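In what follows, a structure is listed as structure tokens, so that the remarks can point back to it.
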Amino acid sequence: MEKIPILRMGEFLLVTIQVDMHDRLAMGLQEDLTQMISDTEARGVLIDISSLEIVDSFIGRMLGNIAAMSRVLDAQTVVVGMQPAVAITLVELGLSLAGVRTALNVDAGMDLLRSAVKGSSDQYGASLN
Amino acid sequence: MALLSTENLPIKAEIDVVAVRRRVRELATKLGFTLVDQTKIVTAASELARNTMIYGGGGSMQAETLNGPRTGLRLIFKDNGPGIPDIELALRDGFTTGSGLGLGLGGTRRLVNEFEISSRIGAGTTVTITRWK
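Order-wise, the sequence lines are chains L and Z.
Residues in the first sequence are numbered from 1 upward in steps of one, following our numbering.
Residues in the second sequence are numbered from 130 upward in steps of one, following our numbering.
Following this line, the structure appears as structure tokens:
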């Protein structure tokens with residue numbers, strides 16, 4: 001079966017969506033990622049959507065779900081590389097991807113993930129004191 | 130208004146929604162739409178094609194390229210599904226009976242220049258959208 005590959009890099013998982021996903025493929029990614037966060041105890045997920053030519057309400061919902069599910073599993077999610085035309089369309093469609101962290105590119109996304117993960121462990125440490 | 134071309138694409142399965150997106154992108158590119166306008170009409174088509182499949186139980190999209198006096202792309206989505214009982218409610222943001230975000234129809238309307246919907250209970254739904262260059 002067709003699948004979107006998920007790469008592991010240290011405590012992070014990386015996903016680059018390079019195909020025009022049909023809905024079942026998107027659902028599959030959601031399930032695979034959740035399973036992999038749990039299996040690898042990943043602290044962060046970076047999703048590169050720079051190749052995506054559109055984000056409609058279904059894909060938008062998938063990104064929101066992944067962010068929410070990873071949060072529940074104590075991992076942070078950052079979506080990077082959205083094309084400007086996609087961003088314009090998404091907002092006009094009425095989607096703001098609330099609850100999804102975004103960054104302009106992979107580098108900025110990795111920085112954001114590292115500081116978010118560090119922030120969440122500091123917070124955890126602080127709450128123990 | 131001159132009709133440049135017309136064609137019909139089936140929407141029976143998820144993979145057809147991908148084919149609709151691809152074809153609408155090709156047509157919009159051929160008509161010389163800007164990248165933002167291409168993205169808007171492709172996104173609108175994706176929303177409507179999914180509705181046709183999920184709520185309408187399948188159907189088709191007719192694509193018409195138009196020119197003179199204006200250049201545009203008109204897409205007609207037809208299904209023979211159960212129909213929409215309350216169209217005004219269905220157009221409201223946040224309304225959904227299915228797996229979307231409830232942005233489908235209301236959001237789609239904002240992405241195009243013209244939006245028409247007609248629906249008869251038990252007979253099906255037709256949504257026509259037009260984006261001008």
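Beta carbons are placed, not taken as given, at the ideal position from N, Cα and C, and that holds for glycine.
Given the structure is predicted, the values throughout are model-derived calculations rather than measurements.
Below 9 Å on C-beta distance, what does Arg239(Z) contact in chain L? The sequence position of residue 239(Z) within the second sequence is 110, counting from 1. What Arg239(Z) touches in chain L: Glu92, Leu93, Gly94.
Since Ile6(L) and Ile17(L) should fall inside the 8 Å C-beta cutoff, what is the C-beta to C-beta distance between them, to a whole number of angstroms? As a working note, residue 6(L) is residue 6 in the first sequence. As a working note, residue 17(L) is residue 17 in the first sequence. Incorrect: roughly 11 Å between the Cβ atoms, too far for contact.
Thinking C-alpha only, which one of Glu245(Z), Asn242(Z), Ala219(Z) is nearest Gly235(Z)? Taking the first residue of the second sequence as position 1, residue 235(Z) is located at position 106. The residue with the shortest Cα to Cα distance from Gly235(Z) is Ala219(Z).
Please return the same chain residues whose Cβ sits closer than 7 Å to the Cβ of Gly186(Z), not counting the five positions on each side in sequence. Sequence index remark: in the second sequence, residue 186(Z) carries index 57 (1-based). For Gly186(Z), where only same-chain residues beyond five positions count, the Cβ hits under 7 Å are Asp208, Gly210.
Members of the region 36 to 66 of chain L that neighbour chain Z once the beta carbon cut-off is set at 8 Å: Among the residues of the region 36 to 66 of chain L, those with a Cβ less than 8 Å away from any Cβ of chain Z are Glu53, Ile54, Val55, Asp56, Ser57, Phe58, Gly60, Arg61, in the order of the chain.
Are the Cβ atoms of Leu113(L) and Val78(L) separated by less than 8 Å? The residue labelled residue 113(L) in the question sits at position 113 within the first sequence. The residue labelled residue 78(L) in the question sits at position 78 within the first sequence. Between Leu113(L) and Val78(L), the C-beta gap is smaller than 8 Å, which places the two residues in contact.
CB contact below 8 Å: Val86(L) versus chain Z: Position 86 of the first sequence, counted from the first residue, corresponds to residue 86(L). Closer than 8 Å: yes.
When you compare each of Asp48(L), Ala98(L), Leu90(L), Leu33(L) to Ala108(L) by their alpha carbons, which one comes out closest? The residue you call residue 108(L) lines up with position 108 of the first sequence. Here the closest residue by C-alpha is Asp48(L).
Just grab the DSSP bridge partners of Ile189(Z) for me. Locating residue 189(Z) in the second sequence gives position 60, counting from the first residue. In the sequence under discussion, the amino acid at residue 189(Z) is Ser, which differs from the Ile named in the question. Answer is Pro139(Z), Lys207(Z).
I'd like to confirm the pairing. Which residues does DSSP put opposite Glu2(L) in its beta bridges? In the first sequence, counting from the first residue as 1, residue 2(L) sits at position 2. None, per the DSSP bridge assignment.
On a Cα-Cα basis, can you pick out the residue from Ala252(Z), Leu160(Z), Ile205(Z) that is closest to Leu195(Z)? Position 66 of the second sequence, counted from the start, is the residue given in the question as residue 195(Z). Leu195(Z) has its Cα closest to that of Leu160(Z), out of Ala252(Z), Leu160(Z), Ile205(Z).
Any beta-carbon of chain L closer than 8 Å to the one on Lys169(Z)? Indexing the second sequence from 1 puts residue 169(Z) at position 40. Cβ-Cβ to chain L under 8 Å: yes for Lys169(Z).
CB Arg151(Z) to CB Leu202(Z), shorter than 8 Å? Position 22 of the second sequence, counted from the start, is the residue given in the question as residue 151(Z). Position 73 of the second sequence, counted from the start, is the residue given in the question as residue 202(Z). No, the pair does not count as a contact, with Cβ atoms beyond the cut-off.
Strictly below 7 Å CB to CB, what residues from chain Z border Asp146(L)? For residue 146(L) there is no data in the structure shown, the boundaries of chain L being 1 and 129.
What's the C-alpha gap between Ser57(L) and Thr255(Z)? What you label residue 57(L) is simply residue 57 of the first sequence in a count that begins at 1. What you label residue 255(Z) is simply residue 126 of the second sequence in a count that begins at 1. So the alpha carbons of these two residues sit roughly 20 Å apart.
Taking Phe244(Z) as part of the alpha helix (DSSP H), name the residues at either end of that continuous run. The residue given as residue 244(Z) occupies position 115 in the second sequence. Per DSSP, Phe244(Z) belongs to no alpha helix (DSSP H); it is in the beta strand (DSSP E), 243 to 249.
Which listed residue (Gly197(Z), Phe206(Z), Val165(Z)) has its alpha carbon closest to that of Tyr184(Z): For this step, residue 184(Z) is matched to residue 55 along the second sequence. Sorting Gly197(Z), Phe206(Z), Val165(Z) by C-alpha distance to the C-alpha of Tyr184(Z) places Phe206(Z) at the top.
What does Glu176(Z) touch in chain L if you count any residue whose Cβ is under 9 Å from its own? Reading the second sequence from its first residue, position 47 is the one you call residue 176(Z). The answer, in chain order, is Asp56, Ser57, Phe58, Leu93.
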